[in-house]
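> Residue numbering for the sequence shown follows this note's numbering, beginning at 66 and increasing consecutively. Supplied in structure tokens, the structure appears directly below.
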Amino acid sequence: AHELTWLIDPNFGNRMAKGRELFRMASLEQSAPQLQRGDVHQLAALPLGSRVKLDPWDDQVSLQKSKPVPLLTARDKMPFEVTPMFPNLARTTNAADVVAEKKQ
Numbered sequence: 066a067h068e069l070t071w072l073i074d075p076n077f078g079n080r081m082a083k084g085r086e087l088f089r090m091a092s093l094e095q096s097a098p099q100l101q102r103g104d105v106h107q108l109a110a111l112p113l114g115s116r117v118k119l120d121p122w123d124d125q126v127s128l129q130k131s132k133p134v135p136l137l138t139a140r141d142k143m144p145f146e147v148t149p150m151f152p153n154l155a156r157t158t159n160a161a162d163v164v165a166e167k168k169q
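As structure tokens, this is what we get:
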């Protein structure tokens, strides 16, 4: 995978962080309040592009002006999580190529 980093890494804009090291906006991060996980009234930052709407048919880009959804629990403000799935892939070898019989 090291040889394919330019194919599988996102290349959108200038790099803002690498691991835990911030390249840009480090002062903004230091002045930001700590995220209170149990407080429903404190909102976490929106992900980049979360309100951007792109119409691929006519290349129109606009901002969605929807009202924020009220939070019911503190877990609703946490980032979207996906459980990783690792399928068990195994290569099989065929002893001989089998040709399907023609139905008449």
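All C-beta atoms, glycine included, are put in the ideal place defined by N, C-alpha and C.
1) Could you give the first and the last residue of the continuous alpha helix (DSSP H) run that contains L93?
2) Return yes when the Cβ of S92 is within less than 9 angstroms of the Cβ of R116, no when it is not.
3) Put K118 into one of helix, strand or coil per three-state DSSP.
4) Would K130 count as contacting chain C if we go by Cβ distances under 9 angstroms?
5) First and last residue of the beta strand (DSSP E) that includes V126?
6) Please report how far the alpha carbon of N153 lies from the alpha carbon of D104, in whole angstroms.
7) Three-state secondary structure (DSSP) at A155?
With the structure as the only source:
1) By 1-based counting over the sequence shown, the position of residue 93 is 28. Start and end: 91-96.
2) Residue mapping note: residue 116 aligns to position 51 of the sequence shown, counting from 1. Residue mapping note: residue 92 aligns to position 27 of the sequence shown, counting from 1. Not a contact, by the Cβ cut-off of 9 angstroms.
3) Taking the sequence shown and counting its residues from 1, one reaches residue 118 at position 53. If DSSP states are grouped into helix, strand and coil, K118 belongs with the strands.
4) Any reference to chain C falls outside this structure, which holds one protein chain only.
5) Taking the sequence shown and counting its residues from 1, one reaches residue 126 at position 61. Per DSSP, V126 belongs to the beta strand (DSSP E) from 125-128.
6) Indexing the sequence shown from 1 puts residue 153 at position 88. Indexing the sequence shown from 1 puts residue 104 at position 39. When rounded, the distance between both Cα atoms is 40 angstroms.
7) Position 90 of the sequence shown, counted from the start, is the residue given in the question as residue 155. A155 falls in the coil class under three-state DSSP.
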